[in-house]
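Trainee: Below you'll find the structure I mean.
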Amino acid sequence: MCACRAAWFVFSFLCLFFLYSSLKKYIYINFGFFFTYIFLFVFFVFVFLFYLYKYICIFYFDYSFPM
317 MCACRAAWFV
327 FSFLCLFFLY
337 SSLKKYIYIN
347 FGFFFTYIFL
357 FVFFVFVFLF
367 YLYKYICIFY
377 FDYSFPM
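No gaps in the numbering here: position 34 of the sequence shown is 350 in the working numbering, and each next residue is one more.
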């Protein structure tokens with residue numbers, strides 16, 4: 317079960333990374349260089365905090381498997 321959760325974590329993080337790549341290209345074209353790096357910083361801080369909270373809770377407190 318732990319390996320299944322780890323695989324889900326890797327898969328969902330890769331999906332978020334590809335989503336980020338497409339959004340970065342769109343924001344850079346439409347809003348410019350400086351706003352792209354502000355968005356990049358906020359996006360990665362949010363994603364990091366979300367995964368830290370969600371997956372530490374799942375691994376250490378054995379919550380249900382994420383759907």
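Glycine included, each C-beta is placed from N, C-alpha and C at the ideal position.
1) Y353 to L335, Cα distance in whole Å?
2) Is the distance from the Cβ of L339 to the Cβ of V363 below 8 Å?
3) Under the assumption that Y367 contacts F327 (Cβ atoms under 8 Å), give the Cβ distance between them as a whole number of angstroms.
Mentor: On the basis of the data shown:
1) 16 Å
2) no
3) Not quite, the Cβ-Cβ distance comes to about 12 Å (not below 8 Å), so this is no contact.
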